Amino acid sequence: MSTDRTPTPPEAAAKETILVVDDAVANRKMLKAVLEQAGFDVILANDGSLALTELAKKVPTLVLLDYMMPTMDGPTMLRIMRKKHAVKEVPVIMLTASDLPKHIEDAFNAGADDYITKPVDTRILVARVRSLIRARADRAKAQSAHNAEAQRDALQSELEDARKTQRSQLPKMPQERPGWRIGGVVIPSGEVGGDLFDVIDGPYGYPVAALIDVSGHGVSAGMVASSVKSSLRLLLRDHAIDEAMTQLNAHLCDEASGLYACAALIVLGRAEVAIVNAGLPPIAVVRDSKIISTVRACGVPPGLLSGQSYIVERFPIEVGDRIFVVSDGLTEPFGLADDIDLSVERLKLLVSIPGETIEALDARLHERVRSVFVETETIQPDDATLLYLERRDT
Amino acid sequence: MSDFSTAPRDLFVVVTLPSRVDASNTKALVEAVVGCGSKQIVLDLKGTEVVDSTALGAIVKVHTSMQTTGGQLILAGVGDGIRRVLAMTRLDRVFTIVADVDAAVGS
Numbered sequence: 002m003s004t005d006r007t008p009t010p011p012e013a014a015a016k017e018t019i020l021v022v023d024d025a026v027a028n029r030k031m032l033k034a035v036l037e038q039a040g041f042d043v044i045l046a047n048d049g050s051l052a053l054t055e056l057a058k059k060v061p062t063l064v065l066l067d068y069m070m071p072t073m074d075g076p077t078m079l080r081i082m083r084k085k086h087a088v089k090e091v092p093v094i095m096l097t098a099s100d101l102p103k104h105i106e107d108a109f110n111a112g113a114d115d116y117i118t119k120p121v122d123t124r125i126l127v128a129r130v131r132s133l134i135r136a137r138a139d140r141a142k143a144q145s146a147h148n149a150e151a152q153r154d155a156l157q158s159e160l161e162d163a164r165k166t167q168r169s170q171l172p173k174m175p176q177e178r179p180g181w182r183i184g185g186v187v188i189p190s191g192e193v194g195g196d197l198f199d200v201i202d203g204p205y206g207y208p209v210a211a212l213i214d215v216s217g218h219g220v221s222a223g224m225v226a227s228s229v230k231s232s233l234r235l236l237l238r239d240h241a242i243d244e245a246m247t248q249l250n251a252h253l254c255d256e257a258s259g260l261y262a263c264a265a266l267i268v269l270g271r272a273e274v275a276i277v278n279a280g281l282p283p284i285a286v287v288r289d290s291k292i293i294s295t296v297r298a299c300g301v302p303p304g305l306l307s308g309q310s311y312i313v314e315r316f317p318i319e320v321g322d323r324i325f326v327v328s329d330g331l332t333e334p335f336g337l338a339d340d341i342d343l344s345v346e347r348l349k350l351l352v353s354i355p356g357e358t359i360e361a362l363d364a365r366l367h368e369r370v371r372s373v374f375v376e377t378e379t380i381q382p383d384d385a386t387l388l389y390l391e392r393r394d395t
Numbered sequence: 007m008s009d010f011s012t013a014p015r016d017l018f019v020v021v022t023l024p025s026r027v028d029a030s031n032t033k034a035l036v037e038a039v040v041g042c043g044s045k046q047i048v049l050d051l052k053g054t055e056v057v058d059s060t061a062l063g064a065i066v067k068v069h070t071s072m073q074t075t076g077g078q079l080i081l082a083g084v085g086d087g088i089r090r091v092l093a094m095t096r097l098d099r100v101f102t103i104v105a106d107v108d109a110a111v112g113s
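These protein sequence lines map, in sequence, to chains V and B. Using this note's numbering, the letters of the first sequence map in sequence onto residues 2 to 395. Using this note's numbering, the letters of the second sequence map in sequence onto residues 7 to 113.
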């Protein structure tokens, strides 16, 4: 048996641990000395049974296992070890004085990764120990990369499902209601957005259009947006829009998710509209291709401060009038968050094409919203949403 | 290193904000404000161009929390863009907003 000095490699500083299992005191002493010289920590066990006890205490980097031992031999111990979850992947080198093919076959059948016959050349022993440790580390790294890729794929798939679910929650657009045609465009900045719109049957027989822009982005904002939409549907069964907004504020403040929602509710009457704007950019009312009125926020976005109340703004509406509601994702690319005039102009919302079908109008506005970020040469930082409401003679 | 520097000034601690405050550094902002241990805080936004919705929500929460414990949070040096966002969300009526840090510590 060689006792050649083996140089300590730099990687030995990691102090990997080798469990040496051998019934012969001299062998244990020799292997301990060689392995420690090579930079490893060493744990010793006299037989297979004691080795299993050691494995229960600490998972080694590798096991050097003698074949023939009293009480419990190497292959028996190895078969038990390979069934234990915590240590079943630990590489094992079987050491034996025997080079009988049956012993070698038994060792591999029991789960050995390598087999070295005694007397052992210590240089070869240390080289094989390092080789096996490296191979196991490479496999673990490859497995980890594979797992990470699988997790990414699963996450991507979940996001895609979330996106589809969120899209399915949007009302069918464009749509016609008595005296109104309604359309909407939502372009999220990611797979899932915090912007939503809805058209809800209000408490007085008139539809209520809603635009919701939840703070932040992504899945959490999308979940809160869905929750806000559900809350509004319930609240607007028997509450006026200002009371519904007050209740929504209380609900979001109680939830304490840290998120809030800029929101607008618009009751679409035949001769009058009623608007509550809570933190969205001013809402533009257009008549004869001119903005005749802008409705600024009357209250703090729901979810920010408890105890808020909201004021309804009402004004008469005529056939042909159009109302545009946008999230700040459609004002900020042009400059200032509250500059609805510029946003309406740049989105070409004042353009009115006689005889244009609702489908053509919807397609035109989708195209305009999509082109904003190309024209302004900005990466879409926020969800961009437009809700348009047109008073019709029907 | 934090994007937010803090410095004592008279009875106040002045927290200076970077040019952009958004979801990526909102936590650091809250830590800077809460961690300074003062009940009188001035947020200096002189060099700040963007405060996104996440950061705005956090500033409101800090403001509310400080108010309930008898503290005070003042916004100083607010530029036109952020001032418009505060007005749009009606938060200009919630915060004390002053021209600059000098005005804040003298208030």
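Glycine residues also receive a C-beta, built at the ideal position from the N, C-alpha and C atoms. A quick note: this is a predicted structure, and the numbers were derived from the prediction, not measured.
query	result
Contact set between residue 228 of chain V and chain B, taken where Cβ atoms lie within less than 7 Å	None at all; the shortest Cβ gap to chain B is about 16 Å.
Cα-Cα separation, residue 403 of chain V to residue 289 of chain V	Nothing in the structure corresponds to residue 403 of chain V, since chain V is present only between 2 and 395.
Beta-carbon proximity check, residue 163 of chain V vs residue 220 of chain V, cutoff 9 Å	yes
Cα-Cα separation, residue 20 of chain B to residue 252 of chain V	34 Å
Of the listed residues V:279, V:32, V:260, V:185, nearest to residue 243 of chain V (C-alpha basis)	V:279
Test item: CB-CB of residue 388 of chain V and residue 185 of chain V under 9 Å	yes
Residue 360 of chain V, enclosing alpha helix (DSSP H) - first and last residue	359-376
Beta carbon proximity, residue 386 of chain V to chain B, threshold 9 Å	no
Proximity of residue 215 of chain V and residue 262 of chain V at Cβ, strictly below 9 Å	yes
Short CB-CB distance (under 9 Å) between residue 95 of chain B and chain V	yes
Cβ-based burial, residue 209 of chain V [other Cβ within 10 Å; buried from 16]	buried
From V:305, V:379, V:310, V:303, residue whose alpha carbon lies closest to that of residue 332 of chain V	V:379
Residue from V:328, V:269, V:297 whose Cα sits closest to the Cα of residue 318 of chain V	V:269
Residue 367 of chain V to residue 373 of chain V span [Cα, whole Å]	10 Å
9 Å Cβ cutoff met for residue 320 of chain V and residue 394 of chain V	yes
Spatial neighbours of residue 176 of chain V in its chain, beta-carbon cut-off 7 Å, leaving aside the 5 residues before and after	183, 200
Enclosing beta strand (DSSP E) for residue 1 of chain V [first to last residue]	No answer is possible for residue 1 of chain V: it lies beyond the span of chain V, which begins at 2 and ends at 395.
Chain B within 9 Å of residue 211 of chain V, Cβ atoms only	no
Element boundaries [beta strand (DSSP E), containing residue 254 of chain V]	Not the beta strand (DSSP E): residue 254 of chain V falls in the alpha helix (DSSP H), residues 242-256.
Three-way DSSP call (helix, strand, coil) for residue 136 of chain B in this model	Past the boundaries of the shown model lies residue 136 of chain B; chain B is included only from 7 to 113, so the question cannot be answered.
Three-state class that DSSP yields for residue 405 of chain V in the structure shown	No answer is possible for residue 405 of chain V: the residues shown for chain V start at 2 and end at 395.
CB contact below 9 Å: residue 240 of chain V versus chain B	no
For residue 65 of chain V and residue 42 of chain V, the rounded distance between their alpha carbons	13 Å
Cβ-Cβ separation, residue 79 of chain V to residue 112 of chain V (assumed contact under 8 Å), whole Å	5 Å
Span separating the alpha-carbon of residue 155 of chain V from that of residue 245 of chain V	38 Å
Neighbourhood of residue 9 of chain V by C-beta distance below 8 Å, restricted to the same chain and skipping five residues each side	Only weak support is given to the placement of residue 9 of chain V: the predicted model assigns it a pLDDT of 45, under 50, and the question is left unresolved by the model.
Residue span of the alpha helix (DSSP H) that contains residue 264 of chain V, given as start and end	From DSSP, residue 264 of chain V is part of no alpha helix (DSSP H) but of the beta strand (DSSP E) over 262-269.
Run of the beta strand (DSSP E) containing residue 214 of chain V, from where it starts to where it stops	208-215
Residue 197 of chain V and residue 250 of chain V closer than 9 Å at C-beta	no
Interface flag, residue 68 of chain B vs chain V, CB-CB below 9 Å	no
C-beta neighbour in chain V for residue 62 of chain B, strict 9 Å	yes
Sub-9 Å separation of residue 284 of chain V and residue 326 of chain V beta-carbons	yes
Enclosing beta strand (DSSP E) for residue 47 of chain B [first to last residue]	46-50
Within-9 Å CB hit, residue 44 of chain B to chain V	no
Residue 62 of chain B to residue 93 of chain V span [Cα, whole Å]	58 Å
Own chain residues within Cβ distance below 7 Å of residue 304 of chain V, not counting five before or after	250, 253, 254, 260, 261, 262
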